[in-house]
Amino acid sequence: MDTEYTRNVHMMRSLSDCGSSATYESEEHMVMKKGPWTEEEDSLLINYVNVHGEGHWNSIASIAGLKRTGKSCRLRWLNYLRPNVRRGNITLHEQLLILELHSRWGNRWSKIAEELPGRTDNEIKNYWRTRVLKQAKQLKCDVNSKKFRDTMRFVWMPRLMEQIQASSSHGHSQTTMFSNTQAHTEPCVTIPTMLSVPSSDSMSYNLMGGGCSFSSSEPDSLEKGSISTSCILEPKDYSGVQVVEPSNDFGGADLWTDENICFLQQLLADDY
DNA sequence: AAGGAGGTCAACCGCTGGATG
DNA sequence: CCATCCAGCGGTTGACCTCCT
């Protein structure tokens with residue numbers, strides 16, 4: 001089978017093998033550079049992708065003249081140079097989505113990243129490790145424990161929803177979500193100003209405009225105190241998403257304030 | 001002003017699974 | 001069916017930055 005991919009690979013290899021033989025050396029013979037990228041390297045990489053498209057990363061050293069491994073180039077492109085990459089603070093909406101998706105998929109960072117257009121798996125992973133793991137530690141909880149997961153799902157996410165809604169009702173746009181720094185055609189997720197009340201003891205409400213809902217049906221969930229509502233997160237559909245521009249000023253707000261951590265610590269102390 | 005501690009994030013490493021010969 | 005190659009993934013590291021003492 002001679003797919004376009006294999007044709008391209010053969011083309012790359014033959015280019016490497018003949019025309020540029022004076023300059024070509026395989027990665028194993030060439031001293032590959034490591035560490036931070038320079039502007040010059042970035043523009044070489046951008047030019048390469050503009051001409052050859054993404055992929056064929058292992059041919060890049062020979063073709064673009066970059067003394068970087070294919071892996072390194074790929075990572076630089078995906079996490080930094082790609083036109084759609086969105087940088088800056090993780091918004092409350094994004095935090096909520098990350099928590100929700102992580103509760104469902106675990107450490108499937110790339111899968112989670114797919115639901116947050118413009119965000120990279122690396123960024124989400126970093127967010128999780130630097131914020132969520134840290135707070136789990138502070139709460140003396142194993143981040144993978146049921147205790148922590150339940151707290152996130154049944155207490156923290158509703159609380160976050162309240163925060164979002166409160167911000168929205170104070171004249172902020174309710175549709176701030178994912179937008180990229182540059183023009184793109186990727187869908188972005190929108191959380192409409194909700195819906196039914198996301199209070200911590202509400203039995204059910206939609207998270208994403210009808211897509212996700214909590215329902216009281218998990219028998220072994222938290223069972224007492226103010227977080228006694230037992231719920232499960234049902235699968236939701238992100239297909240009805242819209243592209244929107246950021247327009248509120250709570251996007252950079254942090255969920256993990258001292259006050260909130262205190263609240264959680266108290267809660268956990270009461271319930272366990 | 002200095003330096004130590006802690007946080008952030010870009011980049012690297014090692015592994016895995018799929019594609020190909 | 002097997003060996004090899006490669007892209008992609010998740011975990012980890014380390015440089016840099018900020019804050020605190």
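All the letters of the first sequence, read from the start, carry residue numbers 1 to 272 under full-length UniProt numbering.
Glycine included, every Cβ here is placed at the ideal spot set by N, Cα and C.
Worksheet item: How long is the line joining the alpha carbons of F148 and C141, rounded to whole angstroms?
Response: 6 Å
Worksheet item: So what does DSSP say about L142, is it helix, strand or coil?
Response: Checking the sequence shown, residue 142 turns out to be Asp, not Leu. Note: D142 maps to coil in three-state DSSP.
Practice prompt. Give a yes or no on contact between the segment 98-116 and the segment 71-85, applying the rule of three or more CB pairs nearer than 8 Å.
Written response: no
Fill in: Helix, strand or coil at Q266 [DSSP, three-state]
helix
Worksheet item: Do K67 and K34 come within 7 Å of each other at the CB atom, strictly closer than that value?
Response: no
Practice prompt. Could you tell me the distance, in whole angstroms, from the CA atom of Q266 to the CA atom of Q135?
Written response: 14 Å
Practice prompt. Return helix, strand or coil for W37, following the three-state DSSP convention.
Written response: coil
Item to complete: Could you tell me whether the segment 109-129 touches the segment 85-95, where touching means 3 or more Cβ pairs closer than 8 Å?
Response: yes
Discussion item. I'd like to know whether the C-beta atoms of W57 and R76 end up nearer to each other than 7 Å.
Written reply: Remark: C-beta atoms of W57 and R76 do not approach each other more closely than 7 Å.
Worksheet item: Are the beta-carbon atoms belonging to Y48 and A64 less than 7 Å from one another?
Response: yes
Item to complete: Reducing DSSP to helix, strand and coil, say where G70 ends up.
Response: helix
Item to complete: Output yes or no for whether 7 Å exceeds the beta carbon distance between L160 and L96.
Response: For L160 and L96, yes; Cβs fall inside 7 Å.
Worksheet item: Which of the three DSSP states, helix, strand or coil, is assigned to L116?
Response: coil
Fill in: C-alpha gap between D121 and I112, whole angstroms
7 Å
Practice prompt. Out of N144, W156, S169 and S168, point me to the one whose CA is closest to W105's CA.
Written response: N144
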